[in-house]
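Contents: one structure, followed by commentary.
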Amino acid sequence: MISARSVLAITLLAAAPNLPAQSIVDWTEGPGRLGLGYPVPIPVDTPLPFDGFRSHAGLHARHQDLAAMHDFVSSTIVGHTRKGRDIWAYRIGRGGDSTFEGLPRGALQFTGGIHAREWQSPEVVTGLMELLAEESGDRHWIDFVLDQTSIVLIPVLNVDGFLQTQRYPSSNWLDVDNRYPDTSPRDGRMRRKNLRGADQDLTTSTGRLAGVDLNRNNEPAWPGPPQTGTAVDLTYRGPAPASEPETQALISAAELAPGEQLRFYADMHSFSKVFFSVLTDNQRRNGIQRRVLELAADHHAALPGRKRYIDDPSHIDFGIGTTSEYFASEFHVPSLTWEIEPGQATGAEYGGFGNNGHDGFILPESEIRRVRENLAETMTAIAYHMAGPPHVVRAELFDESGRFTLWTARWMPAEEGRRQAVTRSVRPLSAGEAYRLRVTFNKPMRWREDGDVVPFPGRAASSLDIEAGLALGNETLSVVAGEAEWHRQPSTWQGRRPRYRDDTVTIPIRLEDNQNNIALLEGSRSRSVTLVLAAEDMTGHSLDADPATPAGFRWGAWRDYDGELGPDLGGRDRTLALAATTRQADPVIPVSAGHSAMWFNPDRSGEGWVLEVLPENRAVAYWFTFDDEGRPRWLVGNGRIEGNRVEFPELIAASGARFGPDFDPEDVETATVGSARMVFDGCTGGWYEYEAYGFHRTIDFQALTSTWNAPCGPNVGFPDIERAGESGSWYDPAQAGQGLTVQWISPEQMMLVWFTFDAEGRPYWIIGLSRAGSTDPVVFPELRAVRGPVFGDDYDPGALEQTLWGRAELSLDCAQGQFEYETDIEGFVGGVLPLERLTRLAGLECP
Amino acid sequence: MRTVFFRLALASCLLTALPVVISAAAAAEPTRVPPEARWTAISSEVEARIESLLETSLSDAGKVSSRIDELRVDPGLSPAERDAVLYGYLQRLRRLPPGTLPSFILDRLSAMPPLAVTGHEEGPHHPVPLFNVAAAARGLANEWDWREGFEQVTRSADTAALAGALATAPADGARYRGMVAALEQLPRYRLDELALQCASTPIGCGPGRVEIELARGNVGWLETWIASAQAPELAAQLPGLRRQLAREAADALMLVAMQHPDKSIAALAMSDLTDHLPKSPQIRREWGAHLVGLLDDPALGGAAALQLARMDNEDWLQAAASRPLGETGRRRLELLAELESALESGRPDPEDAP
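Respectively, the protein sequence lines represent chains L and U.
Under the numbering used here, read the first sequence as residues 1240 to 2086, first letter to last.
Under the numbering used here, read the second sequence as residues 10 to 363, first letter to last.
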């Protein structure tokens, strides 16, 4: 009901003879009706971010350039504006719709430039694009976001309107608005709506109030409040939901995510410093939304601008037709209208005059760099959070020195999108002994400033806490845990699983040998203790307590995000077990000369490794195996010995050179295809863990041979026997790229593997055992080539085919030698290789 | 004596009680009103209160604070009207000389919570002041600072004091902005005096020096300054260089800016030079060739591509055909068609037809 006073006021307004005439009024820096108090921003045709606003052409050039320069940025025209201009969307992320584990890749969408006059908005969306593109390769949170999510960006949806505001960067009409004529400038710099029914000439009166508010044109709340039904109103909703081509473009852009993988939506506006989040009847979605926006607010308030946003959620089942309501209801994702600064103080917040509330839409040029850069960081924090919770990827127990591996467990992909734990143990954990526990997570877990681990901006010091304990059944064992040390350098492992700085922590631990622990252990039949781990990622996600069931996001909630803290909250990981004892454990045998040998897995007969232990804690390993089509393949790794293991940061594959007289070392091409480690649980066995060609597997091995005169174990001397020192690798410098690895496996017999290439330049290997007693030259009456099994999980030893390749004679002294071979196999010819020593094995002297 | 004592006690009592009343009013939940209340709150009664407050400000500013206290609890006005009075009062004060209202009152008004709120346009559940008294007060304080700064420059004859003020005023503050805005209006001899003062004073004139030299058109000084200036300052000054200097001088300085280590500055200068390119075909072609040569530059190539898109193809096609480009440059050259198309107007809207 309209009061008498209202009627009077309206009448007076309508009849007032001294109402200002409708006119185009300029925003000015100095005092005046639209005096700002700071320079009126003028957009510049430049693509690079600066302390000012870019024109639409500048922003568009920047987007296109980033897409052209980075293969993880793709561009798509998702629709056209009312005036027929292209609307572009960009998708940022490495890979397709799946992560490297084959799991659905979470997606986030940020839309800018819905309301034309809010220039902060396209700048901020562009800022996020710039941050992700320009800072990629940080091996930390940016790379993680690129690896794990797809970010869909529409920097400018209302292109027509945005261009109109930039065409008239300081001018607009006053005294024309239907609701607040004296204070609400329209069209020109203050255009908000699209250009439906409007021309692009400010000086005409045609359509200066026309257009549709694209943030009122959306299901499910359309038609929304009554005033949105007035065509000249600033908030006109349009004739039908999604009537506008821009709205339709926004809807189609969601499919880039794709829609079912969306986890977050934000529509960037100004101003007020408020998150207008959308509540729905999905309480779990609401809770996730509340937490992620709390994180965003705290994070942003801790950045240099110290700007605090507040989250003010809508009422359930009430809407006004915004895009955020559409995304919340259609995709069940946390969704908001994000009102960028300033706050309620409008331009006065920056020293401006604040004499017309609309100056809040005109951020000073001096502020936009900070706003752009800080908000891009906060948006990245959201992406890092919504990418998913942390989980344990790997846990390893070492002796106190960290050199000896005693137990390892890692989670690997398994059937039906699950993971399974692969564990190996060298010896049980012993009460009273000190150890180092190393845990690797799936994401970077800690933030650093000036090199030091500090809480993520906006988070408390307690967020750095990490718990590492042991339990026996339901009983907690007393453990002394030392200070956690996060690894500043990412692992050098090569492979599909990305590694990040600070994804790994080492914690000194000791299971106390007190009465309670001993009683519990001795009373236990299994003597198997559970590792208990608790930690939060940088943004407050606790662990997904059961990595076997990967966490995902669907219908507004986390799925399989397990833990005692409740749905969507995670908890403690208690999935890994290891043997424990109350007795003092035997010492672990380090890798030594005696580990120079051939190793294989009886279940995978046909492939194996030759390990050469070299002086100065170095080692080389040849992996003789097969490719995906069962052809021979060999990989070589140069490793470093640490206690009972050898780390091979790179597995090298070679190809290109052709067998025979046409062999040209220049043709040899090498590629790093993965990485590996060999861990020995004694002198006769251990396991080989590798990551290569899309596989990350652990293969147990045992000794096939032993190298003559190189005994295994501590405190064993090496008798000086002349021929033993010939064991090692040999090659012809003129044919670098191929060579022989030989081992005297007894005083009378030598094993040889020739790593070479076939006539097509593919890797090829040949194996032979010498005739017993033939020592000078060493005669190999039968050299054999093999093929058949395929690389990886489908390896079938039954498919192995052996071919008699030829024969050879080998003459060696300590430094030089000659290898003479003959063959009848097609594509190969006999020949002679003059040899020089490539490696000399540790512990084997050669006079 | 007793009477005096009684009066003092009463006054003391009132002084103690009044803040309680006021703070109770301030602490109360603001009244929620529809946005249309903005119209209805502007009544003749409100106008009269505004006038009355203004009169008090001019006659006895010391009483304004207590008048505001009374207004905040005035039962004769609705909460929206009370806010409307203060808002209108502050807007009227903008026409009066700086300092008409003591700064402590402005500070108080700047922190004053609204009595009437309405819904935010994008989130109707979110309260925003119907009349944003706090922002208006803060803005008025800024405006007065701005005007004082402006007047200080235009009216002060004390060159040393002026130089000192320029050196010490926060560069992001309203007073400084007012001072800078006034510099352009100073006669040349005053600018020369100021420049001399800046050069001879240990603290100089801070960032104000560049404004003075710009107003003086001291190209040599500006050239040196550009080479070492920080990007934010330089970005703010580049439009002024073009606006205030002769074309040749501005061109020369933009070429210096193109060498700035911050690539965003180089890109801004590149854009400006393209904006102001002479009509001479030869110069345009030379500029086009220069830009083509930048396409392979990882940082500046995107900016060069945009400027090429803004030029006629004939200004650079020959250079693009004759100059060997790397992979990066070729990709950017391919982008040009898209950039050119984006710069064009869109297709006609059927609804625009008469």
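Glycine included, each C-beta is placed from N, C-alpha and C at the ideal position.
Worksheet item: Going by Cα to Cα distance, which pick from W153/U, L317/U, A166/U is closest to S280/U?
Response: Here residue 280/U refers to the residue found at position 271 of the second sequence. Out of W153/U, L317/U, A166/U, L317/U has the C-alpha closest to the C-alpha of S280/U.
Practice prompt. With 9 Å as the C-beta to C-beta threshold (strictly closer), list the residues of the region 1359 to 1381 of chain L near chain U in chain order.
Written response: none
Worksheet item: Below 8 Å between beta carbons: does that hold for R1657/L and A1787/L?
Response: Your numbering for residue 1657/L matches position 418 in the first sequence. Your numbering for residue 1787/L matches position 548 in the first sequence. For R1657/L and A1787/L, yes; Cβs fall inside 8 Å.
Discussion item. Looking at the strands, I want to know which residues DSSP matches up with A1836/L.
Written reply: Taking the first residue of the first sequence as 1, we reach residue 1836/L at position 597. Per DSSP, L1850/L.
Worksheet item: What are the start and end residues of each continuous beta strand (DSSP E) run of 3 or more residues lying completely inside the region 1308 to 1390 of chain L, in chain order?
Response: 1312 to 1319, 1325 to 1331, 1345 to 1350
Discussion item. Taking a contact to mean a Cβ-Cβ separation below 8 Å, would you say P179/U touches T127/U in this structure?
Written reply: Counted from its first residue, the second sequence places residue 179/U at position 170. Counted from its first residue, the second sequence places residue 127/U at position 118. In this structure, T127/U does not lie closer than 8 Å to P179/U by Cβ.
Practice prompt. Would you list the residues sitting across from F1996/L in a DSSP beta bridge?
Written response: Along the first sequence, one-based indexing puts residue 1996/L at 757. Paired residue(s): P2002/L.
Item to complete: Identify every run of the alpha helix (DSSP H) within the region 271 to 345 of chain U, keeping only runs that are complete inside it and at least 4 residues long; order them along the chain.
Response: 272 to 284, 290 to 303, 310 to 319, 326 to 331
Fill in: Identity of the residues DSSP links to R2076/L by a beta bridge
Mapped onto the first sequence, residue 2076/L falls at position 837. Paired residues: W1969/L.
Worksheet item: Between P155/U and chain L, is there a C-beta pair that is closer than 8 Å?
Response: Taking the second sequence and counting its residues from 1, one reaches residue 155/U at position 146. Checking the sequence, you will find Trp at residue 155/U rather than Pro. Output row for W155/U: interface = yes.
Worksheet entry | Cβ neighbour criterion (16 or more within 10 Å) applied to W1794/L | On the first sequence, position 555 is the one that residue 1794/L refers to. Its Cβ having fewer than 16 others within 10 Å, W1794/L is exposed.
Fill in: Contact between the region 1624 to 1632 of chain L and the region 1538 to 1556 of chain L (3+ Cβ pairs under 8 Å)
no
Discussion item. For a cutoff of 8 Å on Cβ pairs, would you count E295/U as touching chain L?
Written reply: To locate residue 295/U, count along the second sequence from 1; it is residue 286. Not one chain L Cβ lies under 8 Å of E295/U.
Worksheet item: In three-state terms, what does DSSP make of T1731/L?
Response: Taking the first sequence and counting its residues from 1, the one referred to as residue 1731/L is at position 492. T1731/L falls in the coil class under three-state DSSP.
Item to complete: Can you have a look at D1310/L and say buried or exposed, based on whether 16 or more other CB atoms are within 10 angstroms of its CB?
Response: Taking the first residue of the first sequence as position 1, residue 1310/L is located at position 71. It is exposed - the Cβ of D1310/L has fewer than 16 other Cβ atoms within 10 Å.
Discussion item. I'd like the list of long-range same chain contacts for V1517/L, defined as Cβ closer than 6 Å, with 5 residues on each side in sequence excluded.
Written reply: Here residue 1517/L refers to the residue found at position 278 of the first sequence. Taken in chain order, the residues that qualify are S1553, S1563, E1564, A1567, S1574.
Item to complete: Give a yes or no on whether the minimum CB-CB distance between F1902/L and chain U is below 8 Å.
Response: Taking the first sequence and counting its residues from 1, one reaches residue 1902/L at position 663. Judged by the 8 Å Cβ criterion, F1902/L is not in contact with chain U.
Worksheet item: Between L1495/L and the rest of its own chain, which residues show a CB-CB distance below 7 Å, the 5 nearest in sequence each way excluded?
Response: As a position in the first sequence, residue 1495/L is number 256, starting the count at 1. Cβ neighbours of L1495/L beyond the five flanking positions: T1315, A1328, R1330, V1391.
Worksheet item: Taking Cβ-Cβ distances shorter than 9 Å, what residues in chain U pair up with T1576/L?
Response: In the first sequence, residue 1576/L corresponds to position 337, counting from 1. Going along chain U in sequence order, the residues near T1576/L (Cβ under 9 Å) are E131, G132.
Worksheet entry | Which residues DSSP lists as bridging G2070/L, in chain order | Within the first sequence, numbered from 1, the residue matching residue 2070/L stands at position 831. Per DSSP, Y2060/L.
Practice prompt. Taking 8 Å as the threshold, find out whether the region 282 to 291 of chain U comes into contact with the region 253 to 264 of chain U through three or more Cβ pairs.
Written response: yes
Item to complete: Quick one: list the residues of chain L neighbouring V137/U, beta-carbon separation under 7 Å, in chain order.
Response: Here residue 137/U corresponds to residue number 128 of the second sequence, with the count starting at 1. Ordered by position in chain L, the residues that pass the 7 Å Cβ test against V137/U are Q1583.
Fill in: Terminal residues of the alpha helix (DSSP H) in which R218/U lies
Here residue 218/U refers to the residue found at position 209 when the second sequence is read from its first residue. 217 to 225 is the extent of the alpha helix (DSSP H) around R218/U.
Practice prompt. Mind checking the region 307 to 340 of chain U against chain B and listing, in chain order, the residues whose C-beta falls within less than 9 Å of any C-beta there?
Written response: Given the protein chain composition of this structure (L and U), no chain B is represented.
Fill in: Neighbourhood of A1816/L by C-beta distance below 6 Å, restricted to the same chain and skipping five residues each side
Here residue 1816/L refers to the residue found at position 577 of the first sequence. Once the five neighbours on either side are set aside, the close Cβ partners of A1816/L are S1767, T1769.
Fill in: Own chain residues within Cβ distance below 6 Å of V1415/L, not counting five before or after
The residue given as residue 1415/L occupies position 176 in the first sequence. Only Q1261, R1425 meet the Cβ criterion.
Worksheet item: In chain U, what lies closer than 8 Å to T1474/L by C-beta?
Response: Position 235 of the first sequence, counted from the first residue, corresponds to residue 1474/L. The contacting residues are E130.
Item to complete: Might you give, ordered along the chain, the residues of its own chain that have their beta carbon closer than 6 Å to the beta carbon of R2079/L, omitting 5 neighbours on each side?
Response: If you number the first sequence from 1, residue 2079/L lands on position 840. Taken in chain order, the residues that qualify are G1967.
Worksheet item: Assuming A1710/L and R1813/L make a contact with CB atoms under 8 Å, what is their CB distance in whole Å?
Response: Within the first sequence, the letter at position 471 stands for residue 1710/L. Within the first sequence, the letter at position 574 stands for residue 1813/L. Going by Cβ atoms, the distance from A1710/L to R1813/L rounds to 7 Å, so yes, they are a contact pair.
Discussion item. Counting only C-beta atoms, is V29/U closer than 8 Å to chain L at any point?
Written reply: For the purposes of this step, residue 29/U is identified with residue 20 of the second sequence, where counting begins at 1. Any answer about V29/U is weak, because its pLDDT of 40 lies below 50 and its placement is not dependable; what the coordinates show is given next. No - not a single Cβ of chain L is within 8 Å of the one on V29/U.
Worksheet item: Hey, does Q1303/L have any beta-carbon neighbour from chain U nearer than 8 Å?
Response: By 1-based counting over the first sequence, the position of residue 1303/L is 64. Interface residue, yes.
Worksheet item: Smallest Cα separation from I1757/L: which of L1716/L, V1981/L, L2074/L?
Response: Working through the first sequence from its first residue, we reach residue 1757/L at position 518. Nearest of L1716/L, V1981/L, L2074/L to I1757/L, Cα basis: L1716/L.
Worksheet item: Relative to the C-alpha of A1587/L, which residue among S68/U, A190/U, R147/U, V189/U is closest?
Response: Start at 1 with the first residue of the first sequence, and residue 1587/L comes out as number 348. It is R147/U whose Cα lies nearest to the Cα of A1587/L.
Worksheet item: Between which two residues does the beta strand (DSSP E) carrying A1858/L extend?
Response: Position 619 of the first sequence, counting from 1, holds the residue named residue 1858/L. Unbroken beta strand (DSSP E) run through A1858/L: 1857 to 1865.
Worksheet item: Is there a Cβ from chain L that is less than 8 Å from the Cβ of D116/U?
Response: Reading the second sequence from its first residue, position 107 is the one you call residue 116/U. No, D116/U does not count as interfacial toward chain L.
Practice prompt. Label F1839/L either buried or exposed according to how many other C-beta atoms from any shown protein chain fall within 10 Å of its C-beta, with 16 as the threshold for buried.
Written response: Here residue 1839/L is taken as the residue at index 600 of the first sequence, counted from 1. By the neighbour-count rule (16 or more Cβ atoms within 10 Å), F1839/L is buried.
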